[in-house]
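Below: one structure, written as structure tokens.
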Amino acid sequence: MKLCRYDDDRLGLVDGDTIVDVTPALDLLPKRRWPYPLGDALIEHLAAVRDAVERIAPDAARIPLSGAALRSPVANASKIIGAPANYRAHVDEAKRDAGIHHGVHDRGYDPESPIAKLGLFLKATSSVVGPAEGVTIHAPDRRNDHEVEICAVIGVRCRDVPASQALDMVAGYCLGLDMTVRGAEDRSFRKSPDSYTLLGPWLVTADEMPMLDDLAFGLRVNGEARQAARAADMTVGLPHLIELASRTYTLHPGDVIMTGTPEGVGPVVAGDTIEAWCDGIGSFTTVVRGSERPSPA
Ligand code: MN
5 MKLCRYDDDR
15 LGLVDGDTIV
25 DVTPALDLLP
35 KRRWPYPLGD
45 ALIEHLAAVR
55 DAVERIAPDA
65 ARIPLSGAAL
75 RSPVANASKI
85 IGAPANYRAH
95 VDEAKRDAGI
105 HHGVHDRGYD
115 PESPIAKLGL
125 FLKATSSVVG
135 PAEGVTIHAP
145 DRRNDHEVEI
155 CAVIGVRCRD
165 VPASQALDMV
175 AGYCLGLDMT
185 VRGAEDRSFR
195 KSPDSYTLLG
205 PWLVTADEMP
215 MLDDLAFGLR
225 VNGEARQAAR
235 AADMTVGLPH
245 LIELASRTYT
255 LHPGDVIMTG
265 TPEGVGPVVA
275 GDTIEAWCDG
285 IGSFTTVVRG
295 SERPSPA
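All the letters of the sequence shown, read from the start, carry residue numbers 5 to 301 under our numbering.
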């Protein structure tokens, strides 16, 4: 099942090039009082939501996919977890290009296991947007790069998950842009401006997702291919990323694991159009906007 969030927080079932409006399925989510539990209520109750979607869909209204404003499929992630330097060829390009590494990628780690040295990183949840909002350039006087990544959305609260059971914790998958201001500051700072985590186009539930290792994915800017890779080229695979993350943090429903970017990262500027695609997920197109705000110091 492909579930999208669109327009004014409507829930859609994606069926080819149409969206079935299954918003009433959200009525079963619990009415909660402060303090709210961490995590995303829709993802936490995904099994019940799916049952309701299947009941509602046959008689529901349809709209063309092209007419929908797609939002992030995850509304309330408690954490966005990033995997640094997780594709060998991206590590190589980063070491060659000072415009990428700024000394950050040049610490002599073992290229076979950079995450063993670097660990994982977090992006601010306030940075999350969907394809309809687009990316707003934060620091126009610096290099702002696209990083296309396959993202897993955690479905259940969990801790200390062994890699052998890790994929059972995944509710579904989407694509992500881990937008990045290049520079020497901490990753969490450079990758967390508003709109620098773009998720879309929808959630593909885990039962409909092909084996990750079989998937190709990539990104085009203004129609020009910039990134193209296979998920099988990931250095630390998703099960071990989940094992590592859950040894440090309790994972909550809706937490997003961004699995790292392959080679071909590069700058975008206001006015550019980004298209991201992945076998088994689909694609989205989004625009890069300029900011009215002054560039940060
Ligand atoms: Mn990244």
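Yeah, the Cβ is synthetic: ideal placement off N, Cα and C, and Gly gets one too.
So who's on the other strand from residue i, going by DSSP bridges?
i	result
Lys6	Val208
Tyr4	It is not possible to answer for residue 4, since the shown part of the chain is limited to 5 through 301.
Gln231	Leu223
Pro68	Thr22
Ile158	Val174
Phe288	Ala280
Pro271	Asp149
Ile60	Ile60 pairs with nothing; no bridge assigned.
Gly306	With the chain running from 5 to 301 in the structure shown, residue 306 is simply not present.
Ile246	Bridge partners of Ile246: none, in fact.
Val260	Ile84 and Val157
Leu74	Tyr10
Val293	It should be pointed out that residue 293 corresponds to Arg in this sequence rather than to Val. Answer is Thr140, bridged to Arg293.
Val185	Asn148
Thr201	Val132 and Asp182
Near residue i, what residues of its chain come up, given a Cβ to Cβ distance below 7 Å and the 5 sequence neighbours on each side ignored?
i	result
Pro68	Asp21 and Thr22
Ile60	Val26, Pro28 and Ala29
Gly222	Val152, Ala229, Gln231, Ala232, Ala233 and Trp281
Asp276	Val225, Asn226 and Val292
Ala73	Tyr10, Asp11 and Ala136
Pro271	Arg147, Asn148 and Asp149
Asn90	Ile119, Met238, Thr239, Val240, Thr263 and Gly264
Ala64	Val24, Asp25 and Val26
Tyr253	Lys83
His94	Thr265, Pro266, Glu267 and Val269
Glu212	Met5
Lys35	none
Once the 5 residues before and after residue i are set aside, which same chain residues still bring their CB inside 6 Å of it?
i	result
Glu48	Pro257
Ile261	Ile85, Ala156 and Leu245
Leu30	Leu15
Ala167	Pro243, His244 and Glu247
Gly43	Ser82, His256, Pro257 and Gly258
Val57	Leu17, Val26 and Ala29
Thr201	Ile84, Lys127, Ser131 and Val132
Ala45	Leu33
Gln169	none
Ala236	Asp217
Gly134	Leu74, Arg75, Ser76 and Gly204
For residue i, tell me which candidate among the options has the shortest Cα-Cα distance.
i	options	result
Asp218	Asp149, Cys162 and Arg234	Arg234
Ala232	Gln169, Cys8, Glu279 and Asp259	Glu279
Val78	Lys127, Arg9 and Met213	Arg9
Ile119	Pro88, Pro135 and Asp145	Pro88
Arg186	Arg146, Cys162 and Trp38	Arg146
Phe288	Tyr253, Lys121 and Leu179	Leu179
Pro205	Pro62, Ile154 and Val95	Ile154
Ser199	Ile285, Ser295 and Gly138	Gly138
Met183	Pro62, Arg66 and Val273	Val273
Asn80	Ala93, Thr129, Tyr253 and Gly134	Thr129
Would a check of beta-carbon distances place residue i closer than 7 Å to chain B?
i	result
Tyr253	No chain B is present in this structure, which holds just one protein chain.
Are the beta-carbon atoms belonging to residue i and residue j less than 7 Å from one another?
i	j	result
Leu245	Ile158	no
Val24	Lys6	no
Glu151	Thr290	no
Leu124	Ala249	yes
Ser299	Pro197	no
Gly176	Leu207	yes
Glu267	Glu116	no
Ala210	Gly107	no
Ile141	Gly286	no
Arg251	Asp164	yes
Report all residues from its chain with a CB closer than 8 Å to the CB of residue i; omit the five preceding and five following residues, and keep chain order.
i	result
Leu126	Lys83, Ile84, Ile85, Gly86 and Ser192
Ala52	Leu32
Ser70	Asp21
Thr283	According to the sequence displayed, residue 283 carries Asp and not Thr. Excluding residues within five positions, the ones whose Cβ falls inside 8 Å are Pro214, Asp218, Leu219, Ala220 and Phe221.
Enumerate, from N- to C-terminal direction, the unbroken beta strand (DSSP E) stretches of 3 or more residues contained entirely within the region 101-152. Annotation: the region 101-152 contains the following complete segments of the beta strand (DSSP E) (minimum length 3 residues), in chain order: 125-127 and 148-150.
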